[in-house]
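So the number in this note's numbering is just where the residue sits in the sequence shown, counting from 1, plus 95. Cβ coordinates follow ideal geometry from the N, Cα and C atoms, glycine included. Some notes on the structure that comes next.
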Amino acid sequence: MRSTPVRKALLKILSKDQAPLSAFDILAKLHAQKLLANKTTVYRQLDSLEKQGLIHTVRLSDRSVRYELAGKDDHHHHLVCVKCNDVKDVDFENHLSRQEKNIEKSKKFKILRHSMEFFGLCFNCQ
């Protein structure tokens, strides 16, 4: 798929933001940059970027979807506020790597990526 101004801006938005974003959030940021895009265009771009492995989707318990740039480390962990739906990345560094290797060995399964979400209340919603 060819590189368009919207596609470039979308990738830049995801690269700058620390937390996964909804399609609506991305669309608002595109409009703030005076880029003409509609909801359908954003969803098509997101679908294409996911198929190319450039972004990951984060599916939340309320069935909403957020998007984030795929990185070198494809092991994602999030804190999700069940009241305001705020999502924050959390880094376990190498704390889970030993368990992951044990799972791979014991189950004879090659783990490519994983996602873990912790659901609770953020500081503002407590």
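Following the DSSP letters along the chain, one finds residue 152 inside the beta strand (DSSP E) bounded by residues 150 to 154. Beta-bridge annotation (DSSP): residue 116 is paired with 162. Excluding the 5 residues flanking it on each side, residue 114 has same chain C-beta neighbours closer than 6 angstroms at 182 and 183, in chain order.
Our two residues, residue 133 and residue 192, have alpha carbons roughly 41 angstroms apart in a direct line. Residues of the same chain with their beta carbon placed closer than 6 angstroms to that of residue 157 are lacking, with the five preceding and five following residues left out of the count. A distance of 9 angstroms or more separates the beta carbons of residue 102 and residue 131.
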